[in-house]
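Engineer: Please find one structure pasted underneath; my questions will follow.
4 protein chains.
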Amino acid sequence: MAAPSPHPLPAELVDLRERVRTFIRETVIPAEPAPGDRMPEQTRLELQEKAKAAGVFAPHARAEHGGLGVPLEHWSPIFQEAGYSPIGPSVLNCMAPDEGNMHMLAEIATPEQKERFLEPLVRGEVRSCFGMTEPHPGAGSDPSALATTAVPVNGGWVINGEKRFISGAIGAAYCIAMARTEATGDHPAGATMFLVPMDTPGIRVGSPIHTVDRYIDGGHPHLHFDDVFVPDEAVLGAPGEGFRYAQVRLGPARLTHCMRWLGLARRAHDTALDRAEQRELFGEPVHRLGLAQSLISASVIDIETSDAIIAKTAQLLVSDPKAGSAMSSVAKVHCSEAIYRVIDRAVQICGGDGVSDGLPLAQYLAEVRPFRIYDGSTETHLWAISRRASSARRREVEAGAPFLGTPTRHPEPEAAPEAGA
Amino acid sequence: MAAPSPHPLPAELVDLRERVRTFIRETVIPAEPAPGDRMPEQTRLELQEKAKAAGVFAPHARAEHGGLGVPLEHWSPIFQEAGYSPIGPSVLNCMAPDEGNMHMLAEIATPEQKERFLEPLVRGEVRSCFGMTEPHPGAGSDPSALATTAVPVNGGWVINGEKRFISGAIGAAYCIAMARTEATGDHPAGATMFLVPMDTPGIRVGSPIHTVDRYIDGGHPHLHFDDVFVPDEAVLGAPGEGFRYAQVRLGPARLTHCMRWLGLARRAHDTALDRAEQRELFGEPVHRLGLAQSLISASVIDIETSDAIIAKTAQLLVSDPKAGSAMSSVAKVHCSEAIYRVIDRAVQICGGDGVSDGLPLAQYLAEVRPFRIYDGSTETHLWAISRRASSARRREVEAGAPFLGTPTRHPEPEAAPEAGA
Amino acid sequence: MAAPSPHPLPAELVDLRERVRTFIRETVIPAEPAPGDRMPEQTRLELQEKAKAAGVFAPHARAEHGGLGVPLEHWSPIFQEAGYSPIGPSVLNCMAPDEGNMHMLAEIATPEQKERFLEPLVRGEVRSCFGMTEPHPGAGSDPSALATTAVPVNGGWVINGEKRFISGAIGAAYCIAMARTEATGDHPAGATMFLVPMDTPGIRVGSPIHTVDRYIDGGHPHLHFDDVFVPDEAVLGAPGEGFRYAQVRLGPARLTHCMRWLGLARRAHDTALDRAEQRELFGEPVHRLGLAQSLISASVIDIETSDAIIAKTAQLLVSDPKAGSAMSSVAKVHCSEAIYRVIDRAVQICGGDGVSDGLPLAQYLAEVRPFRIYDGSTETHLWAISRRASSARRREVEAGAPFLGTPTRHPEPEAAPEAGA
Amino acid sequence: MAAPSPHPLPAELVDLRERVRTFIRETVIPAEPAPGDRMPEQTRLELQEKAKAAGVFAPHARAEHGGLGVPLEHWSPIFQEAGYSPIGPSVLNCMAPDEGNMHMLAEIATPEQKERFLEPLVRGEVRSCFGMTEPHPGAGSDPSALATTAVPVNGGWVINGEKRFISGAIGAAYCIAMARTEATGDHPAGATMFLVPMDTPGIRVGSPIHTVDRYIDGGHPHLHFDDVFVPDEAVLGAPGEGFRYAQVRLGPARLTHCMRWLGLARRAHDTALDRAEQRELFGEPVHRLGLAQSLISASVIDIETSDAIIAKTAQLLVSDPKAGSAMSSVAKVHCSEAIYRVIDRAVQICGGDGVSDGLPLAQYLAEVRPFRIYDGSTETHLWAISRRASSARRREVEAGAPFLGTPTRHPEPEAAPEAGA
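Residue numbers (UniProt numbering), protein chains in the order written: chain S, 1 to 421; chain A, 1 to 421; chain U, 1 to 421; chain R, 1 to 421.
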């Protein structure tokens, strides 16, 4: 199911979207690995060359850094097309964690850092990773528990700590690592981000974590920092501002996950529609059976509302980044849950084929299951959403909005009421 | 909770929205009837005068007909503000069924019809009703079952039939009545719409239907047409085109219901937030209890996704009315169910006060319960959504999209496999 | 839909159930008030006489106190039959709050108290009420916040405080009132229950609370205790044991609510099935439409699982009252939510008639809405259920059950893994 | 979480349950394969010997056939204990498809067939499979579409056809195969069951189907019957009665799946409780966070209601098999969906560990996903449940129950009502 476009996209983006769609359907889908398998490195490199030739590579990166320069408010239709194949975003070089890293580097890095780290990333020459999550009780759903430290030394910093779930770390050229730092000079205590090449002495990829997904290149291993020295130029942005930058990264990064996986949900939904067209049950094609219709229509609603809240959030991220970041919690919860439901229903419509590798749906289901957990679990976001709602309302009332929470009370009866009154 | 505005509204609409908000909070809310009561006619007329004075009356109607001329794609923020009070839309003259009738008359009526029927309606001098639904087995969820007939006679038509659930009929100045007509001349057989003054001989308001809502003026009675003669000028648009016009009316009419009731859902949500701020349980304010946070955050998501799908649908109704009308099914189901859930959760957060008339929430719940049924029940829309999804996908595949519904099959084993394989 | 009986009821109870069913269908249903109206006192008294004549009166009360002596584990099928009419339980004298009071008095009262208070209640000569809930910040979802006090004086006690939501208070002969008491002699500080005739000086029925339900006789008003003197014989059970007795009352009382309202849910479901049989849509009877089938089957599952968890809990309340009381939280949440959904779906299946008073469904919906709040709101029970689950598991692990919460970790790679691994 | 037992189990079964629990926790759990791996044949055989030694082997089979003879109404607590390990049922020889085959053979087979086929199966010497499902458009969710045929020849029958999803076929000693047969003599046309040794000429295990589950031994391959001759003694029961026998098998077989997987859901729930005890977030153990409590309590309700509906259905299967079989649809839908939700919530509570193989939860989720599809998909059962509910109610009304589906209508007003009425 292709997304209708309420906002007339600029003509060149309509054209780009069409080219992405064609590229995905004609070039990428035929090259997909079997369900449960990963895309071989070689396949990715070959497909990336074809993507460049087709003019669909790195659509979101700025033109000055080697991308196609699509503005954030129009990423969604493009990313959804890319995500229609689970390897599409990787082929188009708009997959996590690289895509989020590109966005953050474009916002924060120095010209030298951009040249050294960002541009090869945009060109697809290297991969990267983002080192924030740590083993319990360190940074996880609660980033402020950050335990890795960086201590200033002569001419640089020394980083010590352990990270885990570092997606893409295996084979990455560098890591953007978060570490706790003390206040220094003008800089507050807090977290600092460092650009750390993976061949720096003291960095070591640790034990792997085998998760159920298959389409993020480079695994999700532990990553050890043992007395890792980095020079001052490795600091990304200003010291002590790491948590703020993480938000800069996370708002859009959460939303681009929504966009990509929504594309995959559309793929699953189409697969189910096709199966329902062909398969008969009780003498009728499945798509005419009421209980299947109930699943199909619920999925359409999930897809369209996800598309709508993504569009709304993307626009807010541009016009009011703070409000957009808050709204990205809403979008992330709604989309991650909705996308999972859509794929789950597609499995159900396809019956036994849905849970076998004759169709890729069970792998899609496994692929998006973690999305309800990473980038802030559903429950963590719900908690944040609720707190924000309460405090926003408190401020409205303090600013003069009528307080609505006091029940009115009926007057007391003048005499004892009679039974049955 | 006020809606953040991703699309920067034009400055004059930001200003209008602010004025509507102020008018509702300062003038309308203090005049609301007690829960379960209706707004007296006199109150409505007085408040409407104040709305005119405040420059917030008939915001959606075209300026040439006496309205404020807000374009359809921007109705939502204005209607949500109006709907923050259950009597707000009636006071601002943007309540069903008049608002939908205004829209349809503006699109279809002749200049004479506009002058005689539309303009007094926009000015709030009269009310109107829309006569489509009939007793079983006539037109209901399935409009094509229309049983009322209109037969051409010399200089006009004679209408016979019975309608029911004719919202607003009591006290209305005229009815836009749907009747089945035979093919005549160039006009196909089908349904025809007629503008019928309620004092026409043969029209009779029949037995009332007492429903649980309170804020649509004029009840939902039966309406009888016994040999009602109307002249040819009473035909609205072209004979035989009634079903098509009904769609013209219904797409936006469904969506404006969503807008208004979403405003009421925001009111309920604010009420719950205020109660949760004040009320303590187990030694903590309710808003800090996890189970209440779970309700609050779920309501935020329902509100924001409803707002987003309304915005998307409104834009589509402008840019591609056919796609917009189809999307209005999605919006209607999502919003009507979501709005009901939001108010239901607000009741829950307020505990015993939520189900008493000390707070208006139980009445709000009763008010929006029918919305899941009228304008096409949730189930009818789900059925339509599913059928449209199946046929749209069928067309995509016929146009060359890869068919995804065929499971691949593993090759047969060369020899009998061993146990445990 | 009548409940199938997995446990072969003793023959005399099969017979009783059949008589209750017949009595409700032939005698009670024809006498039901119109939707939204209350049963007049006179009607209740007349129907109660007929119930006595039919041998179906006070089925749950012990024979020695004037009841039919059905044991608790078999109440459910009888109460469900009674609840098939919303006035049935009142007619059979097994309605809240009297039924719960009878149960507690039978367990705790002295012979003199039984003769004076319990027996007239069982015979239907008087009604009673239970005075626990108080205005915020007193006893509500959190009973331990009890603010009403009783102070020992010469020969008795003096009670002061305000209660609210005292169901049945108007017209009741006496109130079982909870008040906070200090430690005295052997008795700990805590709550004490008192049997207080409603004509005792100082008791005053206060402002009414108008809730959306209609079938609990005697309203839900505030109740004031201003220096109310009661003699020592008014103490029910032992001083300081009130919270424990409240649990004795609440476990079964919660469950009998489930039984009665489940009967009403069956009524709503039957109403919907009958409507679906008669009503046609798109050329088919509604019950053949898939989306209606989806609603019907979901309701069957809700009804059968509610019946099953009630049976399980009733048996536990007999064999292990503490476990039964804990399980009653599970039953209460599941049943109250399920019953509400069943009636809500019935409304939906009946379309416009479902939200009008042409059918009683909208009133049924209003009737059971408060049940999700009273006797412990859904959220309060969920919180308690979660805490009990966590501590029960903690005890299991402490007692030697294997601890399952430690993730295993893969060994570290010997050398740096390659990209794509 | 161990199941409380409302029905005091007979003392010897309390003892058996305790032994099963101990055996599973002390002997089976330590031998479990890593998540995603299958149990090696050798491990199974060794563990089965230990199960025999512990007196917990084949608990459900009749003593005369070599089992422990637990009656059907008490299987649930035993099977839940077995299912607490995903390999437990296989180790105890009460896993599908063998367990269902044992039940059917005990009911239908001749003494010779029992000796040859049933007893070695009970002793764990062989495995079996059940050959009903076929490729589209043959027998699947709709068994009546059976396409495999058996034609009578001299001294026996010749079977031709293709089966698929034949769980356990690889390594099985025999297949109970369903084939379409014509009417012969006294026997009606319909389906007939045959006991077919897997080494019969013409039987061939075809292409495998790789599904996401791991704990059913013997795969789910296609199975080909090419001119397979079987003698008359291979007929199981009477010719033409196959569909009826399939119901004999399916009612309990569906329910034992519920029992086993409910045990696994308890395991997942305990795992989550343990993780929530240990893991901290925002400075508190996870089990004290409201959003986690919300997940935990929802799972408790799912577990307890599943347990209750299983108990109710098991009792009905004994006292009224036809009603029990119908109720098994309700139990199957409720339990399969509830069990999936419980495991899904456990994944969520465990965060990143929940979707990695550091904990087995993701594999459990994959394991029970197909259960919502096999043995009749949720949607197929919903459809059947709805149809049964409609026809049961129709019969009630025909038998004299009051018809409830006719809305009452208010009288018409005497004069035209005024506006606002």
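Glycine included, every Cβ here is placed at the ideal spot set by N, Cα and C.
Anything in the segment 264–283 of chain U with a Cβ closer than 9 Å to a Cβ of chain A? List those residues in chain order, please.
Structural biologist: Flagged, chain order: Gln278, Arg279, Glu280, Leu281, Phe282, Gly283.
Engineer: So residue 505 of chain S and Ala253 of chain S are in contact, right, with Cβ under 8 Å, and what is the actual spacing, rounded?
Structural biologist: Because chain S here runs from 1 to 421, residue 505 of chain S falls outside it and cannot be looked at.
Engineer: Report yes if the C-beta distance between His136 of chain U and Arg279 of chain A is below 8 Å; otherwise report no.
Structural biologist: It is a contact, given that the beta carbons lie within the stated cut-off.
Engineer: With DSSP run on the structure shown, which of helix, strand or coil describes Glu73 of chain S?
Structural biologist: In this structure, Glu73 of chain S counts as helix in the three-state DSSP scheme.
Engineer: Taking all protein chains shown into account, decide if Ser144 of chain U is buried (16 or more other Cβ within 10 angstroms of its Cβ) or exposed.
Structural biologist: That one is exposed.
Engineer: Under DSSP, the beta strand (DSSP E) around Met193 of chain U begins and ends at which residues?
Structural biologist: Residues 190–197.
Engineer: Using the C-alpha atoms, what's the distance from Ala362 of chain R back to Glu49 of chain S?
Structural biologist: So the alpha carbons of these two residues sit roughly 36 Å apart.
Engineer: By DSSP's criteria, Lys163 of chain S is part of a beta bridge. Which residues make up the other side?
Structural biologist: S:Leu223.
Engineer: Return the chain-ordered ranges of every beta strand (DSSP E) run that is complete within the segment 23–103 of chain R and spans a minimum of 3 residues.
Structural biologist: You should have found no qualifying run.
Engineer: How many Å lie between Leu9 of chain R and Gln348 of chain A at the Cα?
Structural biologist: Roughly 40 Å between the two C-alpha positions.
Engineer: Output yes or no for whether 8 Å exceeds the beta carbon distance between Ile310 of chain U and Leu264 of chain U.
Structural biologist: No, the pair does not count as a contact, with Cβ atoms beyond the cut-off.
Engineer: Please identify, using Cβ separations under 9 Å, the residues of the segment 89–106 of chain U that lie next to chain S, in order along the chain.
Structural biologist: Residues: none.
Engineer: Given 8 Å as the limit, is there contact between the segment 387–403 of chain A and the segment 373–391 of chain U, that is, 3 or more CB pairs closer than that?
Structural biologist: In short, these stretches do not touch, since the Cβ pair count stays below three.
Engineer: Is the beta carbon of Phe225 of chain R less than 8 Å from the beta carbon of Gly190 of chain R?
Structural biologist: No, Cβ-Cβ distance for Phe225 of chain R and Gly190 of chain R is not below 8 Å.
Engineer: Quick one, which residues of the segment 57–74 of chain S are near chain A if we go by CB-CB under 8 Å, in chain order?
Structural biologist: Of all residues in the segment 57–74 of chain S, none has a Cβ within less than 8 Å of some Cβ in chain A.
Engineer: Mind reading off the beta-carbon distance from Val91 of chain A to Val28 of chain A? Whole number of angstroms is fine, and I expect it under 8 Å.
Structural biologist: The pair is a contact, with the Cβ atoms about 6 Å apart (cut-off 8 Å).
Engineer: Around the Cβ of Gly100 of chain U, are there at least 16 other Cβ atoms within 10 angstroms (buried) or fewer (exposed)?
Structural biologist: By the neighbour-count rule (16 or more Cβ atoms within 10 Å), Gly100 of chain U is buried.
Engineer: Measure the beta-carbon distance from Gly358 of chain A to Pro407 of chain S and round it to whole angstroms, keeping in mind my assumption that it falls under 8 Å.
Structural biologist: That pair is a contact at about 3 Å.
Engineer: Excluding sequence positions up to five away, which residues of its chain have a Cβ less than 6 Å from the Cβ of residue 465 of chain A?
Structural biologist: Residue 465 of chain A cannot be examined here, being either before or after the span of chain A that is shown, 1 to 421.
Engineer: Starting from Ala246 of chain A, trace the alpha helix (DSSP H) both ways and give me its first and last residue.
Structural biologist: 242–278 is the span of the alpha helix (DSSP H), which, as asked, contains Ala246 of chain A.
Engineer: Can you tell me whether Asn93 of chain A is buried or exposed, with buried defined as 16 or more other CB within 10 angstroms of its CB?
Structural biologist: Label assigned to Asn93 of chain A: buried.
Engineer: Could you give the DSSP three-state label for Glu284 of chain A: helix, strand or coil?
Structural biologist: Strand at Glu284 of chain A.
Engineer: Counting pairs of beta carbons, one from the segment 119–130 of chain U and one from the segment 164–177 of chain U, are three or more of them closer than 8 Å?
Structural biologist: Yes, the segment 119–130 of chain U is in contact with the segment 164–177 of chain U.
Engineer: Measure from the alpha carbon of Ala139 of chain R to the alpha carbon of each residue in R:Leu13, R:Leu317, R:Phe243, then state which is nearest.
Structural biologist: Cα-wise, what sits closest to Ala139 of chain R is R:Phe243.
Engineer: Note down the Cα distance separating Ser386 of chain R from Ala298 of chain S, rounded to an integer number of angstroms.
Structural biologist: Spanning the two alpha carbons is a distance of roughly 20 Å.
Engineer: Given a cut-off of 8 Å, decide if Gly168 of chain U and Gly88 of chain U are closer than it, judged by their beta-carbon atoms.
Structural biologist: No, they are not a contact pair.
Engineer: Given that a residue counts as buried once 16 or more other Cβ atoms are within 10 Å of its Cβ, and exposed if not, what is Thr271 of chain U?
Structural biologist: Label assigned to Thr271 of chain U: buried.
Engineer: For chain R, find out if any of its Cβ atoms is closer than 8 Å to the Cβ of Val28 of chain U; answer yes or no.
Structural biologist: Not closer than 8 Å to any Cβ of chain R, the Cβ of Val28 of chain U fails to qualify, so no.
Engineer: Counting only Cβ-Cβ distances shorter than 8 Å, please list the residues of the segment 354–379 of chain A near chain U, keeping chain order.
Structural biologist: Correct list: Gly354, Val355, Ser356, Asp357, Gly358, Ala362, Leu365, Ala366, Arg369, Pro370, Arg372, Ile373, Tyr374, Ser377, Thr378, Glu379.
Engineer: Quick one: what's got a C-beta closer than 7 Å to Val330 of chain U's C-beta in the same chain, skipping five residues either side?
Structural biologist: Within the same chain, Val330 of chain U has close Cβ partners Ile309, Ile385.
Engineer: Could you check the C-alpha separation between Pro413 of chain R and Met104 of chain U for me, to the nearest Å?
Structural biologist: Looking at the two C-alpha atoms, the distance is approximately 51 Å.
Engineer: Taking all protein chains shown into account, decide if Glu81 of chain S is buried (16 or more other Cβ within 10 angstroms of its Cβ) or exposed.
Structural biologist: Under this definition Glu81 of chain S is a buried residue.
Engineer: Which residue's Cα is closest to the Cα of Arg249 of chain U: U:Ala106, U:Leu16, U:Arg44, U:Val56?
Structural biologist: Nearest option by C-alpha distance: U:Ala106.
Engineer: Touch check for the segment 60–80 of chain U and the segment 315–333 of chain U: three-plus C-beta pairs under 8 Å?
Structural biologist: Yes: at least three Cβ pairs fall under 8 Å.
Engineer: Pull the bridge partners of Phe130 of chain R from the DSSP assignment, please.
Structural biologist: DSSP, once it has assigned bridges, lists R:Ile176 as partnering Phe130 of chain R.
Engineer: Could you pull the start and end residues of the alpha helix (DSSP H) that Ala169 of chain R belongs to?
Structural biologist: Unbroken run through Ala169 of chain R: none, as it is neither H nor E.
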